[in-house]
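Numbering (full-length UniProt numbering), first residue to last: 1 to 326.
No residue lacks a Cβ here, since even glycine has one placed at the ideal position from N, Cα and C.
Here the structure is a predicted model, which is why all the values come from computation and not from measurement.
The next block holds one structure in the form of structure tokens; read it before the comments.
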Amino acid sequence: MQRSQRIINAPIKFSPSQPHLYSQENCLLRFEDNNELLIVKCSSINSIVDDRGILGARAKRRYAVIEAKDEIDDRQSDDDLNDSDARNDMPKQSLSTVRKRKLSASVVQQMDENLDIDSLSIESGVFTKKRRRSLENLMHSNVSPNACDKENQTLEARVVYQTIDDMNRIILQNLEKKFAMFSKKLNQLIPNAVHQHLDSYREKDESFPSKLMYEGQNLLEIRGRDIYDYGRKILKTLYTSQELGSCILPPARNHLARPALDPVRFNIFHEAVRIKYKLSFLHYDNCYTKLIRPRMCDFLIDERKRQSKAAKQQAISDREQDIRND
DNA sequence: TTTAGTTGACCTGCCCTCTA
DNA sequence: TAGAGGGCAGGTCAACTAAA
């Protein structure tokens, strides 16, 4: 079959100097597949038939009903927003020109559940002021002299106001959540960064011995990349791997199944760390509790995991050896 | 030089117990 | 009874190493 040559339309390239090439209209869409509500530029819609728009292509194609459409001049500066209402521009197409569809309270509820915060945030900066003013225009325009229509418009505008407020609330909640997480992270980082130098746990003019002997070894000569690494190495020096794999940090507690590490040797651990990093006797307890203990606790737990893993692997290899011998 | 596997340290969330 | 503190399991990440 011979086909006629395909007509290829050159793509229209966007240029900031030619903003008129693209529509500045915004649409409130409700997706048919999941009732999701979304505000997009009309230029983002592939095609519009009556009050329905098609977005995406092929497998990702989605159909949406255009709930509302209005014109926002994004080039307008924020200063203009403060101008009197007398200078308000009229939207090209009012709400009444699109299919009348009352947004019920349940729709607003759905907004809470389905709203895509990222897509909203794209325009969040101008969203409230501009749209609110645009909607004010709708309410005060003479597009529909009919009282009933006017009432419907007012109702729709109220619902949209409510929707916008809900959107803002959701965005704020999301930001607050993010900020709380950030604060938590910061609180974790600050002690690490500040106390890495350990200066706050030191006192001037406090002298420290140059040796701390344990079974003929000067513990102060052991090197670690930081206080935690040094602490782990000291524990490995003072205790056997079996002790490290079966005990918890002192003090022992009745409700805990595992016994605590030998407290006498643990005092040597304290002294080694304190002297090595020249920590004040007065502040050491605080330093140990806040910084060192959590790391050493994790170290013991991980040591337990490692030993358990090694035991399992040993058992497997033993079994394989037995099978080979048989 | 790149890649895959290993290892140790750390993070997170859950559960349990204690205490004010 | 709520909050704090601790143990623990599961997961992630980065550093290291050996093989291709």
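Subject >> Cβ-based burial, lysine 204 [other Cβ within 10 Å; buried from 16] >> reply: exposed
Original post:
What's the C-alpha gap between leucine 291 and aspartate 262?
Top reply: 21 angstroms
**OP:** Return the Cβ separation of arginine 265 and tyrosine 239 in integer angstroms, given the expectation that the two are a contact with Cβ distance under 8 angstroms.
**Re:** 7 angstroms
Subject >> tyrosine 201 vs asparagine 286 beta-carbon contact at 8 angstroms >> reply: yes
**OP:** Look up leucine 261 in the DSSP assignment and say whether it is helix, strand or coil.
**Re:** coil
Original post:
Does DSSP put phenylalanine 281 in a helix, in a strand, or in coil?
Top reply: coil
Subject >> isoleucine 268 versus Asp51, Glu320 and Pro250, residue with shortest Cα-Cα distance >> reply: Pro250
Original post:
Should glutamine 153 go down as buried or exposed, given a rule of 16 or more other Cβ atoms within 10 Å for buried?
Top reply: buried
Original post:
Who are the Cβ neighbours of proline 209 in its own chain at under 7 angstroms, not counting the five residues just before and after it?
Top reply: Ile275
Subject >> Candidates Glu32, Ser308 and Ile248, of which the one nearest cysteine 297 by Cα >> reply: Ile248
Original post:
Per DSSP, what kind of secondary structure is glutamine 313 in: helix, strand or coil?
Top reply: helix
Original post:
Which residues mark the beginning and the end of the alpha helix (DSSP H) in which leucine 235 is found?
Top reply: 227 to 238
Original post:
Going by other Cβ atoms of all chains shown within 10 Å of its Cβ, with 16 needed for buried, is alanine 252 buried or exposed?
Top reply: exposed
Subject >> Contact check, alanine 68 vs phenylalanine 31, beta carbons under 8 angstroms >> reply: no
Subject >> Rounded C-alpha distance that separates arginine 258 from glutamate 303 >> reply: 14 angstroms
**OP:** Please report how far the alpha carbon of phenylalanine 299 lies from the alpha carbon of leucine 55, in whole angstroms.
**Re:** 53 angstroms
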